[in-house]
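353 is the number of the first residue of the sequence shown in this note's numbering; add one for each residue after it.
Beta carbons are placed, not taken as given, at the ideal position from N, Cα and C, and that holds for glycine.
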Amino acid sequence: KADTTFTLTVNAKPTPTPEVQKPSISGPVSLELKEGYDASETAAFKVGGDPAPEVEVTGNKSITWDKSSKKLKIAKGLAEGTYEVTLTATSSAGKADTTFTLTVTPKDEPTPSTGESTIEPGG
353 KADTTFTLTV
363 NAKPTPTPEV
373 QKPSISGPVS
383 LELKEGYDAS
393 ETAAFKVGGD
403 PAPEVEVTGN
413 KSITWDKSSK
423 KLKIAKGLAE
433 GTYEVTLTAT
443 SSAGKADTTF
453 TLTVTPKDEP
463 TPSTGESTIE
473 PGG
């Protein structure tokens with residue numbers, strides 16, 4: 353009886369690792385609206401990352417992030433003033449944030465007439 357010994361080497365293809373990208377947020381440092389504005393939304397902020405991050409908005413409950421449209425929504429009715437708002441993007445790959453200032457400026461009021469009227473007595 354003959355014995356044969358041999359070595360079998362199996363080289364498995366490595367499972368590709370999905371490319372992970374940390375979250376990122378970019379956008380302006382300030383936005384401005386006029387008092388009395390209608391509800392609005394802006395695509396001024398870009399959010400990236402893989403896996404897609406969840407976005408949280410802090411600073412004012414009237415300002416929210418729409419996950420499906422990827423836009424910042426500003427509800428109608430903020431009073432004149434300055435609001436500091438932070439957007440935070442979080443995923444399993446990490447987190448990123450940015451802070452901006454939303455300024456609601458006063459409505460343009462009609463300027464009262466400053467002309468003078470003179471009434472002359474009739475005679």
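Inset, instruction - Can you tell me which of the three DSSP states Thr367 falls into? - result: Within the sequence shown, residue 367 is the residue found at index 15, counting from 1. Thr367 falls in the coil class under three-state DSSP.
Legend entry - the region 371–389 / the region 437–452 touching (three or more Cβ pairs under 8 Å): Yes: the two stretches touch, three or more of their Cβ pairs being nearer than 8 Å.
Inset, instruction - Below 8 Å on the Cβ atoms is my guess for Glu393 versus Leu439; work out the distance and round it to an integer in Å. - result: On the sequence shown, position 41 is the one that residue 393 refers to. On the sequence shown, position 87 is the one that residue 439 refers to. Contact between Glu393 and Leu439 is absent: CB atoms are separated by about 14 Å, not below the 8 Å threshold.
Inset, instruction - Inspect the beta-carbon positions of Glu432 and Pro458 and report whether they are closer than 7 Å. - result: Reading the sequence shown from its first residue, position 80 is the one you call residue 432. Reading the sequence shown from its first residue, position 106 is the one you call residue 458. Against a cut-off of 7 Å, the Cβ pair of Pro458 and Glu432 comes out as a contact.
Inset, instruction - Taking the CB atoms as reference points, tell me whether Ala427 and Ser414 lie closer together than 7 Å. - result: Position 75 of the sequence shown holds residue 427. Position 62 of the sequence shown holds residue 414. Yes.
Inset, instruction - Return the chain-ordered ranges of every beta strand (DSSP E) run that is complete within the region 413–441 and spans a minimum of 3 residues. - result: Within the region 413–441, the complete beta strand (DSSP E) runs of at least 3 residues fall at 415–418 and 423–426.
Legend entry - Residue environment, Phe358, which counts as buried when at least 16 other CB atoms sit within 10 Å: Residue mapping note: residue 358 aligns to position 6 of the sequence shown, counting from 1. It is exposed - the Cβ of Phe358 has fewer than 16 other Cβ atoms within 10 Å.
Inset, instruction - Specify, as a first and last residue, the run of the beta strand (DSSP E) that Leu360 falls within. - result: Within the sequence shown, numbered from 1, the residue matching residue 360 stands at position 8. In the DSSP assignment, Leu360 falls outside any beta strand (DSSP E), carrying neither H nor E.
Inset, instruction - Determine the direct distance from the alpha carbon of Gly401 to that of Ala391, and round the result to whole angstroms. - result: Numbered from 1 along the sequence shown, position 39 holds the residue referred to as residue 391. Numbered from 1 along the sequence shown, position 49 holds the residue referred to as residue 401. Whole-angstrom Cα-Cα distance: 28 Å.
Legend entry - Boundaries of the beta strand (DSSP E) in which Asp449 is found, first to last residue: Indexing the sequence shown from 1 puts residue 449 at position 97. Gly446 to Thr457 is the extent of the beta strand (DSSP E) around Asp449.
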